[in-house]
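So for the sequence shown, my numbering puts the first residue at 93; every next one is plus one. Glycine included, C-beta positions come from ideal geometry on N, C-alpha and C.
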Amino acid sequence: MGRSIRNAKLTLGLLAMSVGVETCIRESEETKFKLVCVGLGDKKHEAVLTRMGGGPTRAAATAVNAYVAPLRCPACDNGERATFLHGQEVDGNLVVLSAEDYAKLEASNEVKENIALTAHHTADLAETIMAGKVYWLKPRTTAEHKTYATLVALLKQKTDVTYVAEFAIKTVPALYALGTSQGALFIRELARPECIQPPPIVETTVSDKDLKMAAMLADASVEPFNVLDYHDKRAALAAELIAASAGQVPSEPSFASILLAPSGDLTSALELALKDVEARKIKTTARATKPKVDA
Ligand SMILES: [Zn+2]
Numbered sequence: 093m094g095r096s097i098r099n100a101k102l103t104l105g106l107l108a109m110s111v112g113v114e115t116c117i118r119e120s121e122e123t124k125f126k127l128v129c130v131g132l133g134d135k136k137h138e139a140v141l142t143r144m145g146g147g148p149t150r151a152a153a154t155a156v157n158a159y160v161a162p163l164r165c166p167a168c169d170n171g172e173r174a175t176f177l178h179g180q181e182v183d184g185n186l187v188v189l190s191a192e193d194y195a196k197l198e199a200s201n202e203v204k205e206n207i208a209l210t211a212h213h214t215a216d217l218a219e220t221i222m223a224g225k226v227y228w229l230k231p232r233t234t235a236e237h238k239t240y241a242t243l244v245a246l247l248k249q250k251t252d253v254t255y256v257a258e259f260a261i262k263t264v265p266a267l268y269a270l271g272t273s274q275g276a277l278f279i280r281e282l283a284r285p286e287c288i289q290p291p292p293i294v295e296t297t298v299s300d301k302d303l304k305m306a307a308m309l310a311d312a313s314v315e316p317f318n319v320l321d322y323h324d325k326r327a328a329l330a331a332e333l334i335a336a337s338a339g340q341v342p343s344e345p346s347f348a349s350i351l352l353a354p355s356g357d358l359t360s361a362l363e364l365a366l367k368d369v370e371a372r373k374i375k376t377t378a379r380a381t382k383p384k385v386d387a
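Structure representation (structure tokens):
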């Protein structure tokens, strides 16, 4: 279990309790790398390391720090990011992967170029945790606006189904769920199960009477949700302060909107997709119901 980063008071009206705030998502240790100068290991680099460090362990530790950021090798002045190798510290030593081995860890073009969605019951994803990044998806051609708009409408209507895909924005594949907002589609990152820190263990004894009163409190305290009530006041204040310091009047923030024009033969594409899914379902059912034969 993690250590609390800070303590806070959790309140719902007059109901209050104190909580410790802990890290929930962490990068997996296995994929955490440090950038290492390609020259590390030759005489020149060794000499610089010895000067900077002490024994081999100390030198390795120094190397870990010195050869990382800012991206400029103290021995050869190399600052080309692409030429750096990737290493991990193992028992005080720096283990460096070859460029070929590291390339195996990068997302394939298949994963970088396709968002291949799979459908799941939303209820099955109740325990998943959102990880971080969110990206808008924009139709590339006008001919695809109709498909796009249909997906937006589908997501709004069928909230009991959630679409998930593995996809890589840059080189690291991540897990995403499809969402919709303001008439547009977006993908939202979901936490990988191995990146979720163990949750705090809490003894759960809930009395029916207390839960009933809490439900009454919840009902009584519901207010209409206006997203603008939650706008970033710090950003607004920062813009105001900067504008005032520059002797200007700050401009009003605006929401982006996407125009959708219907076109293309979506209906027949939907018909084909539907037939394909049904055909696959029949095959799976046939496999599942086949009687087992013991060898
Ligand atoms: Zn170097």
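Worksheet item: Can you find a heavy atom of ligand 1 that lies under 6 Å from the Cβ of ALA191?
Response: False, no ligand heavy atom lies under 6 Å from that Cβ.
Discussion item. For ligand 1, is there any heavy atom lying closer than 6 Å to the beta carbon of GLY224?
Written reply: It does not: the Cβ of GLY224 is nowhere closer than 6 Å to a heavy atom of ligand 1.
Worksheet item: Between the segment 231-243 and the segment 278-288, do three or more beta carbon pairs fall short of 8 Å?
Response: Contact fails: fewer than three Cβ-Cβ distances are below 8 Å.
Discussion item. When you measure from the CB of ASN185 to every non-hydrogen atom of ligand 1, does any distance come out below 6 Å?
Written reply: For ASN185, the shortest C-beta to heavy atom distance toward ligand 1 is 6 Å or greater.
Worksheet item: How do the segment 162-169 and the segment 209-219 stand: do at least 3 beta-carbon pairs fall below 8 Å, yes or no?
Response: With a cut-off of 8 Å, the segment 209-219 and the segment 162-169 do not count as touching, because too few Cβ pairs lie within range.
Practice prompt. With a 10 Å radius around its C-beta and 16 neighbouring C-beta atoms as the bar for buried, classify ALA100 as buried or exposed.
Written response: Classification of ALA100: exposed, given that the 10 Å Cβ count is below 16.
Worksheet item: Start and end of the alpha helix (DSSP H) containing TYR194?
Response: Counting along the chain, the alpha helix (DSSP H) containing TYR194 begins and ends at 191-195.
Practice prompt. Within its chain, find whatever has a CB closer than 8 Å to the CB of ALA330; leave out the 5 residues flanking it on each side and keep chain order.
Written response: Closer than 8 Å at the Cβ level, and outside the excluded window around ALA330, lies no residue.
Item to complete: Alpha carbon to alpha carbon, how far is GLY271 from GLU198? Give it in angstroms, no decimals.
Response: Roughly 26 Å between the two C-alpha positions.
Worksheet entry | Stretch pair the segment 199-211 + the segment 246-263: three plus CB contacts closer than 8 Å | Yes, they touch.
Discussion item. Could you compute how far the alpha carbon of LYS367 sits from the alpha carbon of THR359?
Written reply: About 12 Å.
Worksheet item: Can you name the start and end residues of the beta strand (DSSP E) that LEU282 belongs to?
Response: It spans 276-282 - the beta strand (DSSP E) in which LEU282 sits, taken as one unbroken run.
Worksheet entry | Residue-level contact to chain B via CB, LEU270, 7 Å cutoff | In the displayed structure, chain B is absent; only one protein chain is listed.
Worksheet item: Hey, how far is the Cα of ALA328 from the Cα of VAL314?
Response: ALA328 and VAL314: Cα-Cα distance of roughly 27 Å.
Discussion item. Quick check on DSSP: helix, strand or coil for ASN201?
Written reply: Assignment of ASN201 by DSSP, reduced to helix, strand and coil, places it in the helix class.
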